[in-house]
Structures are given as structure tokens and as C-alpha cells.
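Residue numbers (my numbering): 1382 to 1861. Note that the Cβ used here is the ideal one computed from N, Cα and C, for glycine as well. None of these values were measured; they are calculated from a predicted model.
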Amino acid sequence: MNYKMILYIMGQIFKVVGLFMLLPILVGFIYNENHVVTSFGIPFLALMTIAILLTIKKPKNNSVFSMEGFVSVAASWIGVSAIGALPFVISGEIPDYPSALFETVSGFTTTGATILSDIEGMSRACLFWRSFTHWLGGMGILMFVLAIMSSNDSRTMHMMRAECAGPNVGRLVSKSSFSARILYGIYISLTVLEIILLLCGGMPLYDSIIHACSSAGTGGFSIYSASIGHYNSLYIEMVIAVFIILFGVNFNLYYYLIIRKFSLAFKNEEVRVYFGIIIAATAVITLNITSLYESAGAALRHSFFMVASTITSTGFATADITQWPVFSQTLLLLLMFVGSCAGSTGGGMKVSRILILFKTGVKELKYIANPRAVATVKMDGKPVEKTVVRGAASYFILFMLIMAISLLLISLDNYTIEESASAVITCMNNIGFGVGRFGPNGGFSDVSAFSKIVLSFDMLIGRLEIYPLIMLFSVKKSSV
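Listed below in C-alpha cells is the structure:
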């Protein structure tokens, strides 16, 4: 285990996150919130001091393999979350550290679950930092570092594999660091475009930046308790809904469109199924909730937005789904599990994993019916490697096991089984809202400090897709 290189990578990440902490200070100056200089200045100095100490000398042995990649990513995410929570505590806007840590982890992991009951009472600077963590965590903190620094290609591939979501990670071009720049270029371009379109709809600049950052990371933090419903604007809702769906698409496909390889983009099976699920779920829920609204058009409006928000794990809301029929709530719960596409900023199991698991089940049924039959699991018309199939199955098993353990721990708070389950599901799938007291109009403020730590761990598990954190906690054992 190359511990020196792991610490060096962590230092580079801390340096970038530290510099980004200057942005809320600027916001504070603009809105005459001078107290944020201390609130963000102390964590900024702490991060930069640690970063300088860790990067002052580059290790001679700069080799990074899978283990180092996974450990550096997991340790970095925990580190930036721990220090990123300090501004909330120092400012007094979230006095207790477990709650501040929960809010920060929810931000970086793009979950959007909140402990705040009075969002409008927060300072503009803290609200900006809260949503900007979505933007940083959406594409990946390490991905940003790889995009701006020149790195050895073998190292960057292991680190990209540790942070990117999905059953398999590939490069767009021969150099992994250049792939990171392409992906972040697309990410920034889509974010800026959304800001412009929201401004065209009459949304103020500050609000537009906040909601574009939350949309890009598919996080869901808003500056209003009523979320997007506050604006009561069909235009704003549709712009945000369309963009969160776009951010839920595999970013590799945008690159194929840019270089005019349209066939590679349009024949992608995962994306076709992703859009098919959105259309089907929207239609079914619209039919189910039409009687609750004044017209079918209003039902379609809310159905489309909530389906888009749920399957992409964004967590924005325009309606109180707890008032919807149980069928619609259950369907949304299933969409939480499915999630968006691999290689996107969305959460959940990912459509590609669900497809692989489904096709594996079909293949096994065919084998049982006819043991001599030769059947393979295919995606996009090509056989899927056995390692990918095995990985998808292993991930599902681990995911369900961790979910069961978390549910048992959360049940100590004596919530109903439905509420406890929804809390774990929403955090592990990085959604942001569940059912009951954890619905879109609720929150996690009453959850015990212990449960907040458990759920914070679940959010990290969901965002980093289990393996990096398992590797981190098994380092000592594996190095003996």
C-alpha cells in the first residue's frame, strides 16, 4: 500500500476544495454577511494547511493501483465532508456537529436530505455553499482534480474507477486525465446553459445559480422550504425537469454527439430504457393522480416533474407526494432504486445494473428450461463480460445487506418501519426525500445524532458505490 501517494492525492483534493471555500466568502461580501469571513475562513485555512503539508513533497514512488485509488477517494470524501461541515457550526446556523455533518455529506453526495426546518432563515453564503457542494460532488471532487492536473494515465484510471458511478468505467480518449477534462467541460457547459434559461424565466441570478448547481449534481437543495414549488412556474419547472433528466444521462454519450458519432449515442440500450421508464412512469402516475388536480394537464405537470426528480435522485419537489395514492408513491419508491444511467451525476442502482441483473435472471431461466441452450447477457448487442455481470450481482447483494443493517440501526429511533425504511432507502440511493415524516415537506431534523451518522455513512456508501469505503476500512487487514 502506497500510503504516501494516498496522502498526496488527498492533499491535492483538499487544496481544490479549500480554494472553492472562498466563493461563499465572496457571496457573503455581496450580501453584507461579514460574519462568514470567520465561518469559512477558519475551515479554509485548515484545509489549505493540511493540503500544503500533504503535498509539499511529491513521493518518489507515485504508483497507484486499485487499492490506493479506492482508499484515497473514500478518505478524501470523508475528510472534505468533515471539514466542509465546520462553516455551519462556526456560524451557528447549524449548531450541533452531527447535524452539520449530515447536511454537508448530503450536499457532497448529492442526496439533498436536510435537517433544516427554516431554510429561508439561513445566510446567503451558507445556502450557496450548501448547494455548491452538490455541484462539486455531482461529477466528483477527484474528477475535478484530475481535470486540472497533469497525471500519470495508469494512476488516473484507477482513481476514476473508484469515483465514477456504474458497473464499468471506460475512457473517452487514450488519456484518462483528458477524459476528465472533456467530461467536466460538458458538465460546466450544461450548468451555464441552465442558469441562462432560468434567468430567461424570470428567476433571479442568485436563485438561478443555486438551482443550476443543485440540478447539475442532481442533489435537490433549494433555498426555499417549498422547493421548486415556491416559484409556481411551469416554465421553471420544465427547464429544471429537462436538465435533471439530461444530467441523469451517461456523459460519454454527449461526447459521442459532439464528435458526431450519433450511432454510438442513439443505440445505447441503457439510455433508451432510461427514457422509456420516465415516459411510462409519468403516464401511469398521471392517470393515477388526475382526480386530485383540476385538470389532466396539471396532473401531467406534477407527475413528470416528480418522476424526473425521483429517478435522477435529485429530490426537488413541486407536490406533496404523501397526498398521492399509495400506488403512485410505491412506483416512485421503485424509481428510487432504479436510479439514472451509469456515468451520470444521478444516484440509485443505475439502469445498466438493473438491466444486467434482469437479463441474467432471464438467462438462468432459459438454462433451467434447456440446460443445453447457449445464452449470454448482452448490452447494446454485445456480450457483457462475466466480471461485469458478477460485479453487478455482488453490488446488489452488498447493497441490500448494508441496507438491512442500516434499517436495523435506524429502528432504534422508534419510527415506523415504513419511515425507517424510507430514510435508509432515500439516503443510500441519494434521493433526498422519502415517505411520512421524511417526505418532501418533512426532514431529518428530529433524527438522533447516532442515526444521522449512520445515514451519513449510507449517503457515502450510495455515492461512492460501496467498494471505496469497504476498501478504506479493510486497509489494515489487507496490508498485514
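Burial state of residue i (16 or more Cβ within 10 Å)
i     : result
C1581 : exposed
F1854 : exposed
S1829 : exposed
G1820 : buried
D1499 : exposed
N1413 : exposed
K1396 : buried
M1852 : buried
S1684 : buried
V1398 : buried
S1444 : exposed
D1588 : buried
G1728 : buried
M1781 : exposed
R1844 : buried
N1613 : exposed
G1762 : exposed
V1707 : exposed
Distance between residue j and residue i (C-alpha atoms, nearest Å)
i     : j     : result
L1403 : F1425 : 7 Å
T1492 : K1439 : 34 Å
G1720 : F1739 : 15 Å
G1772 : Y1655 : 21 Å
I1702 : L1435 : 47 Å
I1569 : I1749 : 49 Å
R1552 : G1724 : Since pLDDT at R1552 reaches only 47, below the 50 mark, its modelled position is unreliable, and no value is offered.
A1494 : L1715 : 18 Å
F1814 : G1583 : 27 Å
L1388 : L1400 : 18 Å
G1742 : L1736 : 10 Å
K1441 : N1383 : 11 Å
P1476 : A1661 : 44 Å
I1390 : S1837 : 23 Å
G1448 : A1679 : Here residue 1448 is Met; the residue named in the question, Gly, does not match the sequence. Computed Cα separation, rounded: 51 Å.
K1747 : V1652 : 26 Å
H1515 : F1602 : 8 Å
I1496 : A1455 : 24 Å
I1433 : I1640 : 39 Å
T1430 : L1574 : 36 Å
A1664 : V1630 : 21 Å
A1689 : F1469 : 30 Å
I1658 : V1732 : 10 Å
I1812 : T1599 : 9 Å
V1417 : F1831 : 29 Å
V1620 : R1753 : 52 Å
L1517 : I1567 : 14 Å
T1682 : H1611 : The question names Thr, but residue 1682 in the sequence shown is Arg. Distance between the alpha carbons of R1682 and H1611 is about 15 Å.
G1824 : T1572 : 27 Å
CB of residue i within 8 Å of CB of residue j, strictly
i     : j     : result
A1597 : G1519 : yes
N1822 : S1694 : no
V1758 : V1765 : yes
V1805 : M1784 : yes
R1734 : Y1674 : no
S1487 : M1840 : yes
I1847 : L1779 : yes
I1423 : L1467 : yes
S1709 : I1670 : yes
T1490 : G1465 : no
M1687 : T1807 : no
T1419 : I1471 : yes
T1883 : L1713 : The requested residue 1883 is not part of the displayed model; the chain covers only 1382 to 1861.
K1833 : S1480 : yes
S1801 : S1792 : yes
Y1373 : E1474 : Not covered by the structure: residue 1373. The range shown for the chain is 1382 to 1861.
Among the options, nearest to residue i - alpha-carbon criterion
i     : options                    : result
I1617 : A1679, H1592, V1630, L1571 : H1592
G1450 : H1416, K1385, I1433, S1606 : K1385
Y1796 : S1787, R1818, I1778, I1812 : R1818
I1394 : I1659, T1599, S1457        : S1457
K1648 : S1560, S1614, M1760        : M1760
R1562 : G1521, S1453, L1578        : G1521
Y1636 : S1614, I1604, Y1565, Y1605 : Y1565
Q1704 : I1666, S1453, L1634        : I1666
Taking contact to mean 3 or more Cβ pairs, one atom from each stretch, closer than 8 Å, check whether the region 1405-1418 and the region 1504-1512 are in contact. yes
Cβ contact check for the region 1617-1637 and the region 1677-1696: 3 or more pairs under 8 Å: yes
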